[in-house]
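Numbering follows this note's numbering, in which position 75 of the sequence shown is assigned residue number 89; successive positions increment by one, without gaps.
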Amino acid sequence: MPEDDAVPIPRYRQVAEQLAKEIAEGALPTEARIASERELAERFGISRMTARAAINILVRRGLLSRRSGARAYVARPKIRFDLSSPEGLYRQLEHAGIKPGAKVITAEKLPCEALEPKICQALALDDLDEVFHIVRLRTADKEPIAVEDSYFPERLFPDLLDFHLTESIYGILKKYFGVAPAKSVQELEISLLDAEWAHIMGVPVDLPTLEIRRVAFTEQGVPFEFAHDIYRGDRILFTARTAGTPGQGEDAVLWQQALDNLHNGLA
15 MPEDDAVPIP RYRQVAEQLA KEIAEGALPT EARIASEREL AERFGISRMT ARAAINILVR
75 RGLLSRRSGA RAYVARPKIR FDLSSPEGLY RQLEHAGIKP GAKVITAEKL PCEALEPKIC
135 QALALDDLDE VFHIVRLRTA DKEPIAVEDS YFPERLFPDL LDFHLTESIY GILKKYFGVA
195 PAKSVQELEI SLLDAEWAHI MGVPVDLPTL EIRRVAFTEQ GVPFEFAHDI YRGDRILFTA
255 RTAGTPGQGE DAVLWQQALD NLHNGLA
């Protein structure tokens, strides 16, 4: 396209990019209050409506957050969480230099016959088998960021509830039971936080979240965890990697069965 035919960049986007540059370079540090719409209008020679549009762009991009009234502040950098990693949230936070934490909300042993069929079906258990049900509030530098609702087969992890469940559960499973996640099937859904979980997390209702339903497997293909995790979309940046196909033969069958169980859980 000839240069003369180039579409001009709207003024509000130019202002947004300038503010984003100042944030990236540290001229506007984390938690700094952004100039008001009137002040931005005077600085850039624009209308207050244009200034508001520029701020809204940066709010949607997660660079700014709104607090009391209409004032905007530089948001804290989002926490990165790799969904493809065999490591859980605890270890990933540690590696990022963030202090992980957990508060146990529920820790109980239940018979499969008392649960929704999808849970024990996903774990290849019978009605007479038992599972450990563990619900935890997860924190990063003491800030609530997620709720994990997990089920583990009792026959694989006897006495699991006797351990310190505020630590990494995957770390406990590996150290004391010789079980580590080798693969998993996950189903992701964007949603808004309901009143129950918002109360547990101490955050506003209708906060954007990412819900993840997961079945985790050992290297031998044994399912050992059924989980429903809820992560704050405003505080976490998710990444995922792909490599080839899910598998062939028995592995492909296992993969499809896990997908079916997760799908039934959403029905």
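For every residue, glycine included, the Cβ atom is placed at its ideal position computed from N, Cα and C.
Spatial neighbours of residue i within its chain, please: CB distance less than 6 Å, with the 5 preceding and 5 following residues excluded, ordered by chain position.
i, result
"Leu42", "Glu36, Val88"
"Ala30", "Ala68, Ile71, Leu72"
"Ser198", "Arg228, Ala230"
"Val149", "Ile119, Thr120, Asp163"
"Glu225", "Glu203, Ser205, Ile244"
"Gln200", "Ile226, Arg228"
"Met215", "Pro158"
Since residue i is in the alpha helix (DSSP H), which residue starts that stretch and which ends it?
i, result
"Gln200", "Taken as a continuous stretch (DSSP letters only), Gln200 belongs to no alpha helix (DSSP H), being part of the beta strand (DSSP E) at 197 to 206."
"Thr232", "No alpha helix (DSSP H) holds Thr232; DSSP gives it neither H nor E."
"Thr64", "62 to 74"
"His109", "103 to 109"
"Phe58", "51 to 58"
"Ile37", "25 to 38"
"Ala136", "131 to 136"
How would you write the range of the beta strand (DSSP E) that residue i sits in, first residue to last?
i, result
"Pro167", "157 to 167"
"Ile119", "114 to 125"
"Pro237", "237 to 246"
"Phe95", "93 to 96"
"Val217", "Run containing Val217: none; DSSP gives neither H nor E here."
"Phe177", "No beta strand (DSSP E) contains Phe177, which DSSP labels as neither H nor E."
"Thr253", "250 to 253"
"Ala154", "144 to 154"
"Leu78", "78 to 80"
"Val88", "86 to 88"
Can you give the beta carbon distance from residue i to residue j, rounded, assuming they're within the 8 Å contact cut?
i, j, result
"Ala55", "Ala65", "5 Å"
"Pro100", "Ala196", "7 Å"
"Tyr245", "Ile159", "7 Å"
"Ile48", "Arg25", "Actually they do not touch by this definition, with Cβ atoms about 17 Å apart."
"Phe191", "Leu170", "7 Å"
"Arg85", "Thr44", "Between Thr44 and Arg85 the Cβ distance is about 15 Å, and since that is not below 8 Å, they are no contact."
"Pro167", "Leu139", "6 Å"
"Pro237", "Leu137", "5 Å"
Beta-carbon within less than 7 Å of residue i's beta-carbon, same chain only, minus the 5 sequence neighbours each way: which residues are those?
i, result
"Arg52", "Arg62"
"Lys92", "Gly76, Arg249, Ile250, Leu251"
"Glu233", "Ala196"
By Cβ distance below 8 Å, which residues in the same chain neighbour residue i in space, the five residues on each side in sequence not counted?
i, result
"Phe95", "Leu103, Gln106, Tyr245, Ile250, Leu251, Phe252, Thr253"
"Arg81", "Tyr87"
"Ala194", "Pro100, Tyr184, Leu187, Lys188, Thr232, Glu233"
"Ala154", "Ile93, Leu107, Ile112, Lys113, Pro114, Gly115, Arg249"
"Ala281", "Per-residue confidence for Ala281 stands at a pLDDT of 38, beneath the threshold of 50, marking its modelled position as unreliable; no derived number is given."
"Ala34", "Leu72, Arg75, Leu77"
Quiz item: Is it a yes or a no for the segment 162 to 171 touching the segment 233 to 247, going by three-plus beta-carbon pairs under 8 Å?
Solution: yes
Practice problem: Tell me, please, whether the segment 167 to 185 touches the segment 105 to 119 by the rule of three or more beta-carbon pairs shorter than 8 Å. | Solution: yes
Quiz item: Counting Cβ pairs closer than 8 Å, one from the segment 165 to 179 and one from the segment 209 to 224, do we hit at least three?
Solution: no
Quiz item: Per the contact definition of three or more C-beta pairs closer than 8 Å, is the segment 122 to 132 in contact with the segment 143 to 150?
Solution: yes
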